[in-house]
Amino acid sequence: MRWILFSMILALSILSCGKDKPVPVKNYIQLELQPTFGALPFYMDSIYTSPQGYKVKFTELKCYFSLLGNGTTSLQQACLFDYRETGSLLLKQEADYSKFASLQFKLGVDSSLNHLDPSAFPNDSPLNISNAGPMHWGWNPGYIFMNLEGKVDTLIDGLTNPDLSFSFHIGTDAYLQALTFSGLNWQDVGANTRRCKLKIDLEAFLANPAQSIDLKNEHLTHTAAGQEALTAKVIQNFKAAISLY
Amino acid sequence: MKYLACIGLLLLFASCRKDKTTFQANPYALEIPGHFPDMIIPSDNPMTQEGVELGRWLFYEKRLSGNDSMSCASCHMPSHSFSDPHQFSTGIDGIQGNRQSMALINLGWDQFYFWDGRAASLEKQILGPVPNPIEMHQSWPDAVYKLTLDLDYRNRFFRAFGEPGIDSIKVSKAIAQFIRTMISANSKYDVMYKYENGFSLTSQEQGVLQSVDAEEWAGYDLFKSLNGADCFHCHNGPLMRVKKYSNNGLDATFTDKGRGAITHNPEDDGKFKVPTLRNIALTAPYMHDGRFATLDQVIDHYSSGVHGSSTIDPLIEYASQGGVQLTTEEKYLLKKFLLTLTDYSFTTNTKFKDPH
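Taken in sequence, the protein lines are chains A and B.
Just so we're aligned: 43 in this note's numbering is position 43 of the first sequence, and the numbers increase by one with no gaps anywhere.
Just so we're aligned: 1142 in this note's numbering is position 142 of the second sequence, and the numbers increase by one with no gaps anywhere.
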């Protein structure tokens, strides 16, 4: 009996000494887009001063990016930036950061995706109509590429009383913009994650030296006929206001 | 040796233990319309045939109210697309609330519930009306006790959840399962939407398409037009609503803060959940407080009755002019389109009828 017990214990201890299989380490990258208003930190619904001296607050700040990658390796089909709902996070996924010293993507939804059935994208896709919500217009126009809404106080009287809404909804294939960033700085933020931050400067968006936006007189475009000039200005300024953080 | 005998005896007793009685419910196959997105089913409340059927019984169960006079269906009537034709619903004690009962249509795709979005799931929403003193006014323990006295319910709960016992969580889960089956996707608008977006149509749908007249198409164009009625910013797609809260210009000041009362953020004051427009012809009165008795009044509001305020939705583009300024003919066409959203196969579906 004693020998049987001894043999069993020995067998168990030998088994427990078996070398564990190495668990492969998963590496993640995290891409963020941080809004600012010039040198000021940005908060939704806070009051800022436009280049023309108007008090302005932003109530919606959303945009789509699509076909993210480095030119040869794809990173993600699309992501939805919705600062009120999800903050600065654009994407976090398993990937090797060293492959992405540069990043290319479209501001907006590429035409190859823009007119597909929005109900047919996977449930976790930002392009699924349940996730797109008001950012999808319909199959023909497709998605809203960028959505910037807010209020502006057009009376420079020392009182802050926003009296005019502004609403920039830019979409349709003609206004898709391409962006490329090189020399990305992927910071080690722990948990096998490397983070790169972009920023969107909303003061620069309004104060673009080539074509500033005067919210008192340029407060509405939904990419409709007759709104082409402001539509182009808005999407170009928005693109130009995005840079490495 | 003595110990071995004891162990053997214990094993013998253990093997004689009565098996726990369980039941495996049958999965329920939801039929999601081809032009709809997938419905996300909570992992802790999978759809089963027994659960859905139990939910139907409970939806019409008056014993859930304090004096056995009201069920969910009392304020969500099938003939009115599961809404209440009264401006405010009246509870068992004769007390009225201050909000209109929302229509129960395609709720399986919603992510927040009640006009102010205070419930984050259908299951949580369902837990609200039973103990609410101005609605069904009965504590959940009392409601559950009444159900427990009923052998049929004890069996139904057992079959739905695979174990004996009834509690409020199981009641809410069963009713949520039933409500997730309440899918409306068979209106004239659905055919228009499919046709517009290149879906293949069945021969029956081809027939419906032929019946869509020029005025209805013109009304649809107005509905989508930025310079027309401009409704589509908040009401579009197969669900005919977007996922957001909005202040649609009903008041300049707010007696009901809506979403703002939940978030305590002044930026949310006067904002309410954007409802679907499906079956809109059947769900009068309209708005969160049921202030408009007819569709004509609703159209008049957006045309010339909009009030500006600090939180008005920027998408109400012509708020400063009081609205989109529709002509009489445009109002007529817009209403023609709104009537295409009616789905009688939904309101007459026998699967949604009272089983009692």
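Each residue gets a CB set at the ideal place from its N, CA and C atoms; glycine is no exception.
Computed from a predicted model, the values in this text were never measured in an experiment.
C-beta atoms of residue i and residue j nearer than 8 Å
i	j	result
Ala1284 (chain B)	Pro1085 (chain B)	yes
Lys1351 (chain B)	Thr1181 (chain B)	yes
Cys1231 (chain B)	Val1274 (chain B)	no
Lys197 (chain A)	Glu32 (chain A)	yes
Lys1331 (chain B)	Ile1299 (chain B)	yes
Leu1222 (chain B)	Leu1333 (chain B)	yes
Gly1066 (chain B)	Gln1177 (chain B)	no
His1288 (chain B)	Arg1099 (chain B)	yes
Pro246 (chain A)	Val152 (chain A)	Summary: the structure shown does not reach residue 246 (chain A), with chain A confined to residues 1 through 245, and so no result is reported for it.
Phe1036 (chain B)	Ser112 (chain A)	no
Lys106 (chain A)	Ala178 (chain A)	yes
Gly1249 (chain B)	Val1324 (chain B)	no
Three-state secondary structure (DSSP) of residue i
i	result
Asn30 (chain A)	Per the sequence shown, the amino acid found at residue 30 (chain A) is Gln instead of Asn. Note: Gln30 (chain A) maps to strand in three-state DSSP.
Trp1115 (chain B)	coil
Cys63 (chain A)	strand
Lys1072 (chain B)	Residue identity check: residue 1072 (chain B) is Cys in the sequence provided, not Lys. It is helical.
Asp1354 (chain B)	coil
Lys1271 (chain B)	strand
Leu1326 (chain B)	coil
Glu1317 (chain B)	coil
Phe1082 (chain B)	coil
His1307 (chain B)	coil
Leu80 (chain A)	strand
Thr1263 (chain B)	helix
His1301 (chain B)	helix
Trp137 (chain A)	strand
Met1192 (chain B)	helix
Phe181 (chain A)	strand
Glu228 (chain A)	helix
Val152 (chain A)	strand
Gly1228 (chain B)	coil
Lys216 (chain A)	coil
CB contact below 8 Å: residue i versus chain B
i	result
Arg214 (chain A)	Sequence check: residue 214 (chain A) is Asp here, not Arg. No, because no Cβ of chain B sits closer than 8 Å to the Cβ of Asp214 (chain A).
Asn27 (chain A)	no
Asn114 (chain A)	no
Ala224 (chain A)	yes
Pro209 (chain A)	no
Asn313 (chain A)	With chain A covering 1 to 245 only, the question about residue 313 (chain A) has no answer from this structure.
Leu220 (chain A)	yes
Ile129 (chain A)	yes
Glu228 (chain A)	no
Pro41 (chain A)	no
Ser119 (chain A)	yes
Asp59 (chain A)	First, the residue type needs correcting, since residue 59 (chain A) is Thr and not Asp in the sequence shown. Taking Cβ atoms only, chain B reaches closer than 8 Å to Thr59 (chain A), which makes this a yes.
Gly87 (chain A)	no
Gly190 (chain A)	no
Pro35 (chain A)	no
Asp45 (chain A)	yes
Near the ligand PLP: residue i beta-carbon under 7 Å from a heavy atom
i	result
Cys1075 (chain B)	Here there are no bound small molecules, and the ligand PLP is not part of this structure.
C-beta neighbour in chain A for residue i, strict 8 Å
i	result
Asn1247 (chain B)	no
Thr1082 (chain B)	Per the sequence shown, the amino acid found at residue 1082 (chain B) is Phe instead of Thr. False, the Cβ-Cβ gap to chain A never drops below 8 Å.
His1233 (chain B)	yes
Asn1186 (chain B)	no
Pro1129 (chain B)	no
Gly1237 (chain B)	yes
Asn1045 (chain B)	no
Contact residues within the region 1322–1354 of chain B, judged by C-beta distance below 8 Å to chain A: none
Interfacial residues, the region 157–182 of chain A to chain B, with Cβ spacing under 9 Å: Asn161, Pro162, Asp163, Leu164, Ser165, Phe166, Ser167 and His169
Any 3 or more C-beta pairs closer than 8 Å across the region 1265–1280 of chain B and the region 1302–1320 of chain B: yes
Residues of the region 1290–1320 of chain B whose Cβ lies closer than 9 Å to any Cβ of chain A, in chain order: Gly1308, Ser1310, Thr1311, Ile1312, Asp1313, Pro1314, Leu1315, Ile1316, Glu1317, Ala1319 and Ser1320
Touch test, the region 216–233 of chain A against the region 166–182 of chain A, Cβ-Cβ under 8 Å, three pairs minimum: yes
Members of the region 1093–1114 of chain B near chain A, C-beta cut-off 9 Å: Trp1109 and Gln1111
At least three beta-carbon pairs within less than 8 Å, the region 1084–1104 of chain B to the region 1133–1146 of chain B: yes
Validate contact between the region 117–128 of chain A and the region 41–61 of chain A using beta carbons, cut 8 Å, 3 pairs: no
Validate contact between the region 1157–1173 of chain B and the region 1115–1134 of chain B using beta carbons, cut 8 Å, 3 pairs: yes
Within 7 Å of chain A by C-beta, residues of the region 1241–1267 of chain B in sequence order: Val1242, Lys1243, Lys1244 and Glu1267
Within 8 Å of chain A by C-beta, residues of the region 1055–1069 of chain B in sequence order: none
Inter-stretch contact (C-beta, 8 Å, three-pair minimum) for the region 188–207 of chain A and the region 50–61 of chain A: yes
Contact list for the region 1269–1286 of chain B against chain A, Cβ threshold 7 Å: none
Residues within the region 1026–1042 of chain B neighbouring chain A, beta-carbon criterion of under 7 Å: His1035, Phe1036, Pro1037, Asp1038 and Ile1040
Interface residues of the region 1216–1227 of chain B facing chain A [CB-CB below 8 Å]: Lys1224, Leu1226 and Asn1227
Validate contact between the region 1181–1193 of chain B and the region 1339–1350 of chain B using beta carbons, cut 8 Å, 3 pairs: yes
Short-range partners of chain B found in the region 140–157 of chain A, where Cβ spacing is below 9 Å: Asn140, Glu149, Gly150 and Lys151
Contacting positions in the region 97–109 of chain A - beta carbon closer than 8 Å to chain B: none
Inter-stretch contact (C-beta, 8 Å, three-pair minimum) for the region 179–193 of chain A and the region 91–110 of chain A: yes
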